[in-house]
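Residue numbers (my numbering): 665 to 1011.
Just so you know, even glycine gets a beta-carbon here, dropped at the ideal spot from N, CA and C.
Take a look at the structure set out below.
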């Protein structure tokens, strides 16, 4: 039993010491008692140069007693200051293991033959054209993306375009601010289209007075983002319960989630659904033909909502549904700049 007890105590002491080693407050001597936050929350040591003896100029000084411990020779001082011998990198990047291909210490995502590196971030894998020119292939895509982004003034459509061009189809979850900045048209259980209104009416009519009924799985209505270039026409997923009182008045309590696939693919609309405008169709078709990228899902968090004696969900009260128009970019000008980029690609 004694060896087991000894090992247990040793592990306990080691764990305690490791935890204590990270529990440091460099401002304690100044009377600051606030919590010290670290990048890795104690997983790695983020405090350095904690020894009592530090180099100041050509002297080694005890910074606690402020006494000179040693006067170094010029060679000793230069050698000690040369951090390439052991202290150039004081600790491993805590997330380096998750993204081995994205680091400032390698070129073109570690693919220097197959890829080029334009800005030190990610490698661009390209194929040479007939003239053996790789650089134009990458630059043409960058130019076309920038040209298309220039037709929008708000930050959100620009962000979505970048995600389409560079995100590799990774799903995106909207923040609360981004959800509000969509400027979604006020919407209630009956929706904003004839088809959604008819669907909601049929569902409410199936409920007996004084009873409640849960929405079926997958129930959704159409939403409209008034911030041009964001979601446009999209789905509002609903889940929750509809209640009808004895006077046939209904109320709804549940949650909603915005959902869309951002991919510049136009779908035919049914009669009674929300229709697209010509300008929106032109931009969508233009992007589909000229931008290289991959579509991705956009969702919001699930949002608690209610609707009682109102035409729209309570969430929308006080929210902006202001229309944010595209910049009135001339179609021929935008097309001309993209053709220029494509012509450079062929040179």
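Measuring straight from C-alpha to C-alpha, what distance separates residue i and residue j?
| i | j | result |
| --- | --- | --- |
| residue 845 | residue 721 | 54 Å |
| residue 814 | residue 876 | 50 Å |
| residue 967 | residue 770 | 43 Å |
| residue 800 | residue 806 | Because residue 800 carries a pLDDT of 44, less than 50, the predicted location of this residue cannot be relied on, and the following value inherits that uncertainty. Approximately 10 Å between the Cα atoms of the pair. |
| residue 752 | residue 741 | Any answer about residue 752 is weak, because its pLDDT of 47 lies below 50 and its placement is not dependable; what the coordinates show is given next. Each residue's Cα considered, the two are about 17 Å apart. |
| residue 732 | residue 723 | 7 Å |
| residue 856 | residue 697 | 55 Å |
| residue 700 | residue 759 | 21 Å |
| residue 862 | residue 869 | 11 Å |
| residue 946 | residue 965 | 31 Å |
| residue 859 | residue 885 | 9 Å |
| residue 928 | residue 951 | 6 Å |
| residue 717 | residue 729 | 10 Å |
| residue 819 | residue 887 | 21 Å |
| residue 812 | residue 841 | 24 Å |
| residue 990 | residue 823 | 14 Å |
| residue 834 | residue 693 | 47 Å |
| residue 628 | residue 808 | Because the chain in this structure spans residues 665 to 1011, residue 628 falls outside the shown range and cannot be described. |
Would residue i and residue j qualify as a contact pair, given that the criterion is a beta-carbon distance under 8 Å?
| i | j | result |
| --- | --- | --- |
| residue 761 | residue 773 | no |
| residue 972 | residue 915 | yes |
| residue 821 | residue 894 | yes |
| residue 920 | residue 977 | yes |
| residue 874 | residue 925 | no |
| residue 975 | residue 852 | yes |
| residue 847 | residue 984 | yes |
| residue 702 | residue 837 | no |
Please determine, among the options, the residue with the shortest C-alpha to C-alpha distance to residue i.
| i | options | result |
| --- | --- | --- |
| residue 908 | 947, 926, 930, 865 | 865 |
| residue 892 | 911, 849, 901 | 849 |
| residue 867 | 836, 841, 904, 833 | 904 |
| residue 917 | 906, 923, 725 | 906 |
| residue 734 | 970, 719, 728 | 719 |
| residue 900 | 738, 987, 843, 990 | 843 |
| residue 956 | 832, 898, 885, 840 | 832 |
Please look up how many angstroms separate the CB atoms of residue i and residue j, rounded, as I've assumed it's under 8 Å.
| i | j | result |
| --- | --- | --- |
| residue 902 | residue 883 | 5 Å |
Answer yes or no: does any C-beta atom of chain D fall closer than 8 Å to that of residue i?
| i | result |
| --- | --- |
| residue 968 | No chain D is part of this structure, which consists of one protein chain only. |
Kindly provide the ranges of any beta strand (DSSP E) runs that are 3 or more residues long and lie completely inside the segment 947-1000, ordered along the chain. 960-963, 967-972
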